[in-house]
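Q: I'd like to ask you about the structure that follows.
If you want it as structure tokens, here you go:
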């Protein structure tokens, strides 16, 4: 009897960048599907990738093997000068074991932040910051500046 899979990997585009959404229960089967999907994207010349973990449940965030598999996927992408950005929730972030916390350099909380990082665009508190764009400053109404 075959075990029923309760998770899936969904693939879509956000601003022209492939996003892999992990949905449902985490399992070894889901990990295998994720690796296959990432390899398929890399082999078809998609070297920038967003991995969205927000809908995944029971992630092995404290498991060193899981982080090594994620880093291996990132290394495969960066070999082609691409980027892997991981989107997760604050709750997932807090569940990470302190020994693996140093691996969070690619972790962001929104897809928009991940897309901005891939495209090299800074994201401010109120939206995207466009380098070199200056807003006009209103002069002070007091008589100090004349």
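Numbering (our numbering), first residue to last: 888 to 1033. A virtual CB, placed ideally from N, CA and C, is assigned to each residue, including glycine.
#1: Whose C-alpha, out of 963, 904, 894, 920, is nearest the C-alpha of residue 829?
#2: Take residue 969 as the anchor and find which of 942, 941, 980, 925 has the nearest alpha-carbon.
#3: For residue 898 and residue 909, which I take to be in contact (beta-carbon distance under 8 Å), what is that distance rounded to the nearest angstrom?
#4: Could you check the C-alpha separation between residue 905 and residue 951 for me, to the nearest Å?
#5: So, are the CB atoms of residue 901 and residue 929 less than 9 Å apart?
#6: Within the same chain, show all residues whose beta-carbon is closer than 7 Å to that of residue 920, passing over the 5 residues directly before and after it, in chain order.
#7: Under DSSP, the alpha helix (DSSP H) around residue 981 begins and ends at which residues?
#8: My output table needs one value for residue 899: the three-state DSSP class, helix, strand or coil.
#9: Within this structure, are the beta carbons of residue 994 and residue 974 separated by less than 9 Å?
#10: Quick check: the Cα distance between residue 1004 and residue 978, rounded to an integer number of angstroms?
#11: Can you tell me whether residue 915 is buried or exposed, with buried defined as 16 or more other CB within 10 angstroms of its CB?
A: Answer, in terms of the structure:
#1: Lying before the first or after the last residue shown, residue 829 is absent from the chain, which here runs from 888 to 1033.
#2: 925
#3: Actually they are not in contact, since the Cβ atoms of residue 898 and residue 909 sit about 11 Å apart, beyond 8 Å.
#4: 26 Å
#5: no
#6: 896
#7: 977-981
#8: DSSP places residue 899 in strand when its eight states are reduced to three.
#9: yes
#10: For residue 1004 and residue 978, the gap between their C-alpha atoms comes out near 22 Å.
#11: exposed
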